[in-house]
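A short write-up of the structure that comes next.
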Amino acid sequence: MNFELTEDQRMIVEAAAGFAKRSPVARMRGLRDDAVGWSPEVWQQMAQLGWLGLALPEGVGGSGGTIVDAALLVEQLGMVLAPEPIVTSLVAAHAILAAGNKAQRDAFVAPFVEGRASLALAWAEGPWMRYDRACRAVAVQGDGGWRITGEKRFVLEGHTATHLVVTARLAGVEDSVALFVVDPGMPGVTVRPLRTIDGRRAAHVKLDVVVPEDRRLRGDGKPALDLALDLGAALACAEGVGIMRTVLAMTVEYLRTREQFGVKIGSFQALQHRAVDMFVETELARSLATAAAIRVDGDDATERRLAVSAAKVQLHESGRFVTQQAIQLHGGIGITDEHDVGLFFKRMVALNAIYGDADYHVARFAEGG
Amino acid sequence: MDLSFSPEHLAFRDEVRAFILTEMPPHLRAKAEVDAHFEHHEVMEWHRILHRRGWVAPLWPAELGGPGLDATSRFILSEELELANAPALSPFGLAMVGPAIIQYGDDAQKQRFLPKILSGEEVWCQGYSEPNAGSDLASLRTRAERDGDHFIVNGQKTWTTYAQHADWIFCLVRTDPNAKKQSGITFLLIDLKTPGVTVRPFLTIGGTPAFSETFFDNVRVPVANVVGAIDAGWTVAKALLGHERTLIAAVGAIGRTIRTCKQIADAHDLDQDPVVLAKIARLEIRHRALQMTNYRALAGAQLGHAPGPESSILKIRGAELVQQAYELAMELMGHDALAWFPEEGIVPELEAGIASAFCYLRATTIYGGSNEIQKNIIAKHLLGLS
C-alpha cells in the first residue's frame, strides 16, 4: 500500500492549484450564459501545460501518465469548477485508444492532445441507463462506408466537439456495439445544444449519416465503451472530491465567521458535528475515488468495475450529503445564485447523474462487477 | 380512535374536488398537470377564483371574509388544492399580515387593508430577515425613528419573497435602539411605492427570482401603520409564526410530488422495477407518517386542544420530505435530470421544471425558521433541555 504522491504527481497538483488560483469559480460563472461555455484560450493553455495528454500514451503526443495523474488534475480543476471539456474528451479519446488503430489515434486523439480539437462520446439514448446500454442507433454497411441512423441524447460537451465517438449496433448482429467517429459537420448530423443543470452544455444528436470505412473503430466496441465510461466515472469521482473539499472548507470558514445570537455559529455543537460528518464523508469518498483511479489504470476489468462502482455510489451518498449540508449551513445565502456554494451543489447533481448513476452502479456492484 | 373523516368532512372534500374540477381554467390546469411554474398573474387569477367562492382566506373569521371552516375542513381544503397542484397563493397577505391585523390591528387598519388582501388588489411581502439577522431574527438593525406622525425608516431587508410583485411589505423594525433585543421592535406596514424604497430581485439556485433585497433610505411611514403597540412587534411576529404549522408541512404538495415520481417512473418504463417501486414506497410511507401526524394535530385542534408535540415536528419533517420527493424525481429522471430550463422536446414536459424546483426547494429546511432552529425549539420547550 502506498498512497503517497510521486514527485511528478506533486508537480501536477502544484501546477493545477496554481491554475485554480488564477481561474476562480467566477470564470465558470461568467461562462454559464456563453454559447460555448468554456474558454478556447484556457484550452490552449491546458494543452501547453501538457494536461490534455497527461493520461495518454506518448504515441499520440501524450506524456504517458496514469489515470491517477489525471484524477489529481481533475480534482484540482473541480475545486474551481473549470468547465473545459477535458474529462469528456479523455473519455472519448480512451474509447478510440481501446478500439481504434494507429491511423485513427493519430487522426483523432493527437489533435486533442495539441489543443486543436475536443472530443465527445455519444452513447446515451434513453434517459435511463441502469440496465440498458443497448444501442438502438444502427449502422448498416453499404457503398461508400457505413450508414448510421439514430439519436443520441445528453452528449456531454457535444455542442462543441470536433469529433463524436458514436455507438451503434451493427445491423443483423444482435447485442453488438460498434464505435464510429462522426463529425458534427457531416451531412445528416444534427447537433442540438442544450443547457445542463451545472451551467454547462450537452447536445442531442440526430444521425442519418454515411461515414467512410476508416471512421469505424475496428476493435470490440463493448469493452471499449465500458472502459471509457468507467474512466469517466472515476474522473467524476475525483472531481467530486475536489468539490466536497471545497465546499467543506467554505462551510467551515462560514461557521468560523458568521455570528448569530452574539457568537460564531461554529460554536454550536450541533453545527460542529454536522461539519465533522461532512469531513468524514469527504474522506471516505476520497479513499474510494483514489482506489477507482488506480483500478482504471490496472488490467483487471472486474476489479476495475467493482472499484469504480463502489466509488460512484459513495460519491452519490457523500457528495449529496456534503453539498446539501454546505447549503444548509450557509442558510439563506446558500440559496442565492450569487453564492458559489450552489454552483458546486449543482455540479455534484450532474456528476451523480452521468457515467452511471448510483442505482446502476449499486446493481453492477451487486452482480460482482 | 377513528381514522376516517366524518361524513360531513367527506362531503366537503367532494365539494372541494368538484370545485377544482369545474373552476380551474384550462390554461392553469394544463400547467398544473405538468407541475409547471405559475407566473404571478396566474397565481392572482386563481386567487380571484378562490375569492369568489369565499375560500381564499380559510384562516379568517367569517365576519371578516373568511369561510368559517373548522380546522379539519381547512386542512382538507389546503390538501386538496395542493394535490390538484393548484397555484399556491402568496401566504404573506392571507396567512400572515391578514391574521396579524385581525388579531392586533385597529378598526381603521382592518377596514383599510383586509378587503384588498382578500380581493387580491394588494399583494404583500414580508420584511423580517436581514443580512445579519437570520436565525437570530431579534438582532435586526433596520431602524425607524419617530418624526411627528411618521417614522423614518432606514435599513435593509432580505429574502423578501416576491417583493417585485408586492404592493406592501410588513416589517419588523427597531424603534428603541437601547432596548434589549426582542423589546424595542415594532411591526410596521410600509407601502412599497413610498419614496426611498428600492427592491432588487435576485436569482436563487433554482434559476428563478423568488427573492428580493429591499432597501429603505429615509422612508417616511405614518405611525398609524404600526400594528399592535410600538416596541411590541415581537409579540405580533411570534403570534404569526405560530399560525397553523400544519399548513407549512405541505402534506398535499409532497403527495403530489410522489404522484409525479410515479408518472416519471411510468414514462421511463420503470413502473415494474422493484428497486424503483421500493424507493417510491419508502417515500410514501414517510409521507403517510407525516400525514397521520398532521391528522393527529388536526383532531386535537378540532377538539380545542393546544397544539401538542406532534405539531412541532411537522415543519421539520415536511420540509425534509419535500426535498426527498424532488430528489427521487431527479433520480428517476436519469439523464433527463441534467436538462436546465430545457426547450420544448428535450425532455418530457412533466420533467421540464423539476430540476429548477429541486434546487430551489433546498430552501424549505432554511426558511420559516431553519430546521436547526425548529430543533432548538423542540429541545427547549418539549424535551425541557436547555
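So the protein lines, in turn, are chains Z and E. Add 7 to the 1-based position in the first sequence for our numbering, that's all there is to it. Add 26 to the 1-based position in the second sequence for our numbering, that's all there is to it. Just so it is clear, CB atoms sit at the ideal spot from N, CA and C, and this is done for glycine as well.
Using a Cβ-Cβ cut-off of 9 Å, E:A365 is close to F161, L201, R202, T203, I204 and A209 of chain Z, given in chain order. Residue environment: Z:M18 is assigned as exposed (fewer than 16 neighbouring CB atoms within 10 Å of its CB, all protein chains considered).
At the C-beta level, E:A345 and E:T286 stay beyond 8 Å of one another. Counting the other CB atoms within 10 Å of its CB gives Z:A77 a total of 16 or more, which places it among the buried residues. With the criterion set as a beta carbon lying under 8 Å from some beta carbon of chain Z, the members of the stretch 222–254 of chain E are F228, L229, T230, I231, G233 and F237, in sequence order. Boundaries of the beta strand (DSSP E) harbouring Z:K159: G152 to L163, taken from the DSSP string. When rounded, the separation of the alpha-carbon atoms in E:K136 and E:T220 is 21 Å. In the structure shown, Z:A292 falls within a helical segment according to DSSP collapsed to helix, strand and coil.
Taking the Cα of E:K183 as reference, the smallest distance to any Cα among E:R226, E:D193 and E:F177 is reached at E:R226. Contact with chain E is absent for Z:E220, since none of that chain's Cβ atoms lies less than 8 Å from the residue's Cβ. In the structure shown, the three-state DSSP call for E:A255 is coil. The three-state reading of DSSP puts E:I46 in helix, counting H, G and I together. Of the residues E:W150, E:R167 and E:A315, the one whose Cα lies closest to the Cα of E:P157 is E:R167.
Z:D215 has Z:T156 as its beta-bridge partners, per DSSP. Contact between the stretch 91–109 of chain Z and the stretch 323–343 of chain Z is absent: fewer than three C-beta pairs spanning the two stretches fall below 8 Å. E:C385 has a beta carbon lying within less than 8 Å of a beta carbon in chain Z. Between Z:G247 and Z:L88, the CB-CB gap reaches or exceeds 8 Å. Assignment of E:G181 by DSSP, reduced to helix, strand and coil, places it in the strand class. Interface residue (Cβ-Cβ distance to chain E less than 8 Å): Z:E21 is not classified as such. Using beta-carbon distances, Z:D347 does not count as an interface residue toward chain E, since no partner is under 8 Å. Ranked by how close their Cα comes to the Cα of E:K57, the residues E:L95, E:W72 and E:S161 have E:W72 in first place.
A residue is called buried once 16 or more other Cβ atoms fall within 10 Å of its Cβ, and Z:F26 is buried on that count. Rounded to the nearest whole angstrom, the C-alpha separation of Z:L278 and Z:L336 is 8 Å.
Residues of chain E with a Cβ closer than 8 Å to the Cβ of Z:D344 are, in chain order, F228, L229, T230, I231 and G233. Residue state for E:V149 is assigned as coil, using DSSP reduced to three classes.
For E:L316, the enclosing alpha helix (DSSP H) starts and ends at P300 to Q328. Z:V184 sits away from Z:V216, with the two beta carbons spaced by 8 Å or more. For the 8 Å CB-CB criterion, E:L309 and E:L358 do not form a contact. When rounded, the separation of the alpha-carbon atoms in Z:A117 and Z:V67 is 5 Å. Z:E164 is positioned such that its CB atom lies no closer than 8 Å to that of Z:A124. With a threshold of 8 Å between beta carbons, Z:G228 makes no contact with chain E.
From the listed residues E:G379, E:H63, E:M50 and E:A97, the smallest Cα separation to E:F31 is found for E:A97.
The continuous stretches of alpha helix (DSSP H) do not include E:P248, which lies in the beta strand (DSSP E) extending over residues F237 to P248. Rounded to the nearest whole angstrom, the CA to CA distance from Z:G341 to E:D132 is 39 Å.
For the stretch 378–403 of chain E, the beta-carbon criterion of a distance under 9 Å to any beta-carbon of chain Z is satisfied by A381, S382, F384, C385, Y386, R388, A389, T391, I392, Y393, S396, N397, E398, K401 and N402. Contact annotation for E:I127 against chain Z: no contact, minimum CB-CB distance about 26 Å [criterion: below 8 Å].
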